[in-house]
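In what follows, a single structure is set out as C-alpha cells and then discussed.
2 protein chains.
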Amino acid sequence: MNQASADCPLCRDAGGVLVMQMPKWRVIRSLDDANFPAFYRLIWQAHVAEFSDLSSEDRATCMDAVVRIEQTLREALQPAKINLATLGNVVPHLHWHVIARFDWDSHFPNPVWGASRREVSGGAEARLPLALTDLDRRVALALA
Amino acid sequence: MNQASADCPLCRDAGGVLVMQMPKWRVIRSLDDANFPAFYRLIWQAHVAEFSDLSSEDRATCMDAVVRIEQTLREALQPAKINLATLGNVVPHLHWHVIARFDWDSHFPNPVWGASRREVSGGAEARLPLALTDLDRRVALALA
Chain A
176 MNQASADCPL
186 CRDAGGVLVM
196 QMPKWRVIRS
206 LDDANFPAFY
216 RLIWQAHVAE
226 FSDLSSEDRA
236 TCMDAVVRIE
246 QTLREALQPA
256 KINLATLGNV
266 VPHLHWHVIA
276 RFDWDSHFPN
286 PVWGASRREV
296 SGGAEARLPL
306 ALTDLDRRVA
316 LALA
Chain B
176 MNQASADCPL
186 CRDAGGVLVM
196 QMPKWRVIRS
206 LDDANFPAFY
216 RLIWQAHVAE
226 FSDLSSEDRA
236 TCMDAVVRIE
246 QTLREALQPA
256 KINLATLGNV
266 VPHLHWHVIA
276 RFDWDSHFPN
286 PVWGASRREV
296 SGGAEARLPL
306 ALTDLDRRVA
316 LALA
C-alpha cells in the first residue's frame, strides 16, 4: 500500500498548515483544536499504515524529524511536557502527533484525547510566548 | 535528572508484568486496563522525561525495541491498528505505550484515553488468539 489512496484524507490534502515538505515526509501544524495550538504532525508521504511498515532507514529519518520538532517546541515554548503519538485508528496513514502540553491547557495532565479539565480563558494561542507563524518558522528551520 | 527519583513510580516499581529487561530499558505488560490486554510499555531505565533527552544512539535503541514489540503484536494478533505513544503528563519518566487495537475493542476507533464506544462481552483477553503469557514470551524472544 505505497500508492496514494483516493479515500485517504492525508493522501488528498496537506492536513493543516504546511510547515515543511520533503520527499518522504511533510510537517503540518494542525488546525483541528484551538485548545492545542502548538500541535504539529509529521505525515509520511507514502500511504503506509504502521511505523513498522517503514524500513529501518526510513524510521530513523522519521524519528529524527519528530525529535527536531520536539526540540524546537521545548526551546521555544518550555512546555510542561511533549506528547508524541502515532495512532491512526481513523486515518490509517502514518502520521506522528507532536504536541506541546502546558499545565494550564484544557486537558492537562490528561491526554488531549481524554476528558477536559478546565476552560482556558482568553484562548490557548494567546498564552504562547510567540506567534504561531513564528513558531512554524522555527520548526521549519530546525527541519531544514 | 538521570538519577532514580524517589517520587517516581517507574523508578520504584517494574510498572507491570516484567517481560524483558536490558541495561537501558525494560518492557512490561500493563495490568492497568482489562479492556486493553495487549498493552505493553517500554520503560527507559534512567529517569528522563522527554524522548529528546536521549542521545541519538539511545533513541535508535529505544525505537528499535518499540518496533520489535509492534511487529510481534502485528504477527501474533493481527490487530486493526497499533498505537504508539509517549505522553508522560502524569509520570514524566520516559515510557512508550505499544498497544494493539481491534475493531471490537471498547474504544475503537477512539484512542484508549478517549471515550468508550462499547462493552466487550466476555472480556477482551478472551478474544485474543493466544494467551497473554504466550504473547509475553513472543515479545521477549523478539527483544532478545
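First to last, the sequence lines map onto chains A and B.
Each residue of the first sequence is one higher than the last, beginning at 176 in this note's numbering.
Each residue of the second sequence is one higher than the last, beginning at 176 in this note's numbering.
Don't be surprised by glycine CBs; every beta carbon is placed ideally from N, CA and C.
Given the structure is predicted, the values throughout are model-derived calculations rather than measurements.
Which value, in whole angstroms, describes the spacing of the CA atoms of residue i and residue j?
i	j	result
residue 180/B	residue 187/A	47 Å
residue 182/A	residue 182/B	48 Å
residue 239/A	residue 306/B	36 Å
residue 224/B	residue 199/B	15 Å
residue 204/A	residue 194/A	7 Å
residue 216/B	residue 208/B	13 Å
residue 227/B	residue 235/B	11 Å
residue 184/B	residue 190/B	7 Å
residue 275/A	residue 257/A	5 Å
residue 308/B	residue 192/A	45 Å
residue 253/B	residue 201/B	24 Å
residue 244/A	residue 273/A	7 Å
residue 297/A	residue 197/B	47 Å
residue 229/B	residue 237/B	9 Å
residue 319/B	residue 267/A	30 Å
For residue i, would you say it is in contact with chain B, using Cβ-to-Cβ distances shorter than 9 Å as the test?
i	result
residue 212/A	no
residue 223/A	no
residue 267/A	yes
residue 249/A	yes
residue 239/A	yes
residue 252/A	no
residue 190/A	no
residue 260/A	yes
residue 301/A	no
residue 321/A	Residue 321/A is absent from the structure shown; chain A starts at 176 and stops at 319.
If we define contact as Cβ-Cβ less than 9 Å, is residue i a contact residue for chain A?
i	result
residue 195/B	no
residue 310/B	no
residue 234/B	yes
residue 256/B	yes
residue 242/B	yes
residue 246/B	yes
residue 227/B	yes
residue 205/B	no
residue 263/B	yes
Am I right that residue i and residue j are in contact with their C-beta atoms under 8 Å? What's the rounded C-beta distance?
i	j	result
residue 241/A	residue 259/A	6 Å
residue 265/A	residue 284/B	5 Å
Given residue i, which residues of its chain have a CB within under 6 Å of its CB, disregarding the five upstream and five downstream residues?
i	result
residue 247/A	313, 314 and 317
residue 271/B	217, 241 and 261
residue 269/B	219 and 223
residue 214/B	205 and 274
Who are the Cβ neighbours of residue i in its own chain at under 7 Å, not counting the five residues just before and after it?
i	result
residue 293/B	281
residue 251/B	305, 310 and 313
residue 233/A	199
residue 289/B	282
residue 291/A	281 and 282
residue 255/B	276, 277, 278 and 283
Report all residues from its chain with a CB closer than 8 Å to the CB of residue i; omit the five preceding and five following residues, and keep chain order.
i	result
residue 302/A	277, 279 and 295
residue 300/B	209, 212 and 307
Problem set entry | chain B contacts from the stretch 277–295 of chain A (Cβ-Cβ distance under 8 Å) | 283, 284, 285, 286, 288 and 289
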